[in-house]
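Enquirer: Its first residue numbered 114, the sequence shown is counted upward by one per residue in my numbering.
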Amino acid sequence: MTKHLVRCVERHPAKAKGKPVRLFHIRVEDAYRPSPFWLDVEVRASASLRELDQFLRDIWLECCGHLSMFEIRGVSYEVYPDRTWGLAESKSMQAKLSQVVQVGSVFTYEYDFGSTTELKLKVLGEREGYQNKNLRLLARNEPPVWPCSVCGQPATQIDTECAYEMESPFFCEAHAQEHIQQKHDGDDYMLLPVVNSPRMGVCGYEGPDDETPYLP
Numbered sequence: 114m115t116k117h118l119v120r121c122v123e124r125h126p127a128k129a130k131g132k133p134v135r136l137f138h139i140r141v142e143d144a145y146r147p148s149p150f151w152l153d154v155e156v157r158a159s160a161s162l163r164e165l166d167q168f169l170r171d172i173w174l175e176c177c178g179h180l181s182m183f184e185i186r187g188v189s190y191e192v193y194p195d196r197t198w199g200l201a202e203s204k205s206m207q208a209k210l211s212q213v214v215q216v217g218s219v220f221t222y223e224y225d226f227g228s229t230t231e232l233k234l235k236v237l238g239e240r241e242g243y244q245n246k247n248l249r250l251l252a253r254n255e256p257p258v259w260p261c262s263v264c265g266q267p268a269t270q271i272d273t274e275c276a277y278e279m280e281s282p283f284f285c286e287a288h289a290q291e292h293i294q295q296k297h298d299g300d301d302y303m304l305l306p307v308v309n310s311p312r313m314g315v316c317g318y319e320g321p322d323d324e325t326p327y328l329p
């Protein structure tokens, strides 16, 4: 996909007016490998880390308004930089990408300091191009199909409590109802939907409001 996108974005540029701008190609992955979840994103170099943070929240993470943080070369970048979380230095997420990363830079991101979802980001490339938005989604993984642990059909629910004791805590709609009756006396508070995100089954995450909010 990375090789394809290098050619594809040049052949199919975003519709935009004005002068070309400096753009970074960033790969975002679940930090806990192996994982099926990844994103390829093109971001203006002039965009802030806060804008990248909002994108990650919108497409993959946001559930309860948790705090978040980038770590780049030993420095944490936060919305409230006066709060440090064990790193030597803390700065504001208002920093522009061009000020803190370059091609080849690898950095991390954490959402929610309790039930943490950690991501790894790498700047794969840079180009001059046209883009109206500060950020656009270039590609992402196909949604994985998780089989129901009972019948093998595509699952729609995950039992977040049984995830710690079952190898496959996934259920289709019908068997999810049977499962909660047998295991949880009919209380379905621990069921969450199967979604295309590394935060699936964590906290209260139910997926984004819009599955494709950043497509061109």
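Even for Gly, the Cβ is constructed at its ideal location relative to N, Cα and C.
Report the three-state DSSP secondary structure of Trp-151 (helix, strand or coil).
Expert: Within the sequence shown, residue 151 is the residue found at index 38, counting from 1. Three-state result, Trp-151: strand.
Enquirer: Taking the alpha carbon of Leu-152 as the reference point, which residue from Gly-178, Ile-172, Ala-160 has its own alpha carbon closest?
Expert: On the sequence shown, position 39 is the one that residue 152 refers to. Selected option, being the one with the closest Cα: Ile-172.
Enquirer: To the nearest angstrom, how far is it from the Cα of Glu-286 to the Cα of Thr-230?
Expert: Position 173 of the sequence shown, counted from the first residue, corresponds to residue 286. Position 117 of the sequence shown, counted from the first residue, corresponds to residue 230. So the alpha carbons of these two residues sit roughly 26 Å apart.
Enquirer: Quick one: what's got a C-beta closer than 8 Å to Glu-319's C-beta in the same chain, skipping five residues either side?
Expert: For the purposes of this step, residue 319 is taken as residue 206 along the sequence shown, with counting starting at 1. Here the set comprises Cys-176, Leu-305, Pro-306, Val-308.
Enquirer: Could you give the DSSP three-state label for Asp-298: helix, strand or coil?
Expert: Translated into positions along the sequence shown, residue 298 becomes position 185. DSSP places Asp-298 in coil when its eight states are reduced to three.
Enquirer: First and last residue of the beta strand (DSSP E) that includes Ser-310?
Expert: The residue labelled residue 310 in the question sits at position 197 within the sequence shown. Careful: Ser-310 lies outside any beta strand (DSSP E) and carries neither H nor E.
Enquirer: Would the segment 155–174 count as touching the segment 210–221 if we require 3 or more Cβ pairs under 8 Å?
Expert: In short, these stretches touch, since the Cβ pair count reaches three.
Enquirer: Is the segment 264–275 close to the segment 230–239, with three or more CB pairs under 8 Å?
Expert: Counting Cβ pairs under 8 Å, fewer than three are found: no touch.
Enquirer: Which same chain residues end up closer than 7 Å to Asn-247 when comparing Cβ atoms and leaving out the 5 residues on each side of it in sequence?
Expert: The residue given as residue 247 occupies position 134 in the sequence shown. Cβ neighbours of Asn-247 beyond the five flanking positions: Val-156, Arg-157, Ala-160, Glu-164.
Enquirer: With Glu-191 and Phe-220 assumed to form a contact (beta carbons below 8 Å), what rounded beta-carbon distance in angstroms separates them?
Expert: Here residue 191 corresponds to residue number 78 of the sequence shown, with the count starting at 1. Here residue 220 corresponds to residue number 107 of the sequence shown, with the count starting at 1. About 14 Å; that fails the 8 Å criterion.
Enquirer: Is the Cβ-Cβ distance between Ser-189 and Tyr-222 less than 8 Å?
Expert: On the sequence shown, position 76 is the one that residue 189 refers to. On the sequence shown, position 109 is the one that residue 222 refers to. No, the pair does not count as a contact, with Cβ atoms beyond the cut-off.
Enquirer: To test your reading of the DSSP string, which unbroken beta strand (DSSP E) runs of 3 or more residues are found completely within the segment 231–306?
Expert: With a minimum length of 3 residues, the continuous beta strand (DSSP E) runs that stay inside the segment 231–306 are 248–253, 270–272, 304–306.
Enquirer: Just the Cα atoms here: how many angstroms apart are Arg-312 and Leu-251?
Expert: Against the sequence shown, residue 312 aligns to sequence position 199. Against the sequence shown, residue 251 aligns to sequence position 138. C-alpha separation (whole angstroms): 21 Å.
Enquirer: Runs of 4 residues minimum, wholly inside the segment 153–190: which ones carry the alpha helix (DSSP H) assignment?
Expert: Runs of the alpha helix (DSSP H) inside the segment 153–190: 162–169.
Enquirer: Kindly indicate which three-state DSSP category Arg-140 falls into: helix, strand or coil?
Expert: Mapped onto the sequence shown, residue 140 falls at position 27. Note: Arg-140 maps to strand in three-state DSSP.
Enquirer: Taking all protein chains shown into account, decide if His-117 is buried (16 or more other Cβ within 10 angstroms of its Cβ) or exposed.
Expert: Numbered from its first residue, the sequence shown carries residue 117 at position 4. With fewer than 16 other Cβ atoms within 10 Å, it is exposed.
Enquirer: Tell me which same chain residues have a C-beta within less than 8 Å of the C-beta of Val-122, skipping the five on either side of it?
Expert: Taking the first residue of the sequence shown as 1, we reach residue 122 at position 9. Correct list, in chain order: His-138, Glu-155, Arg-240, Gly-242, Leu-251.
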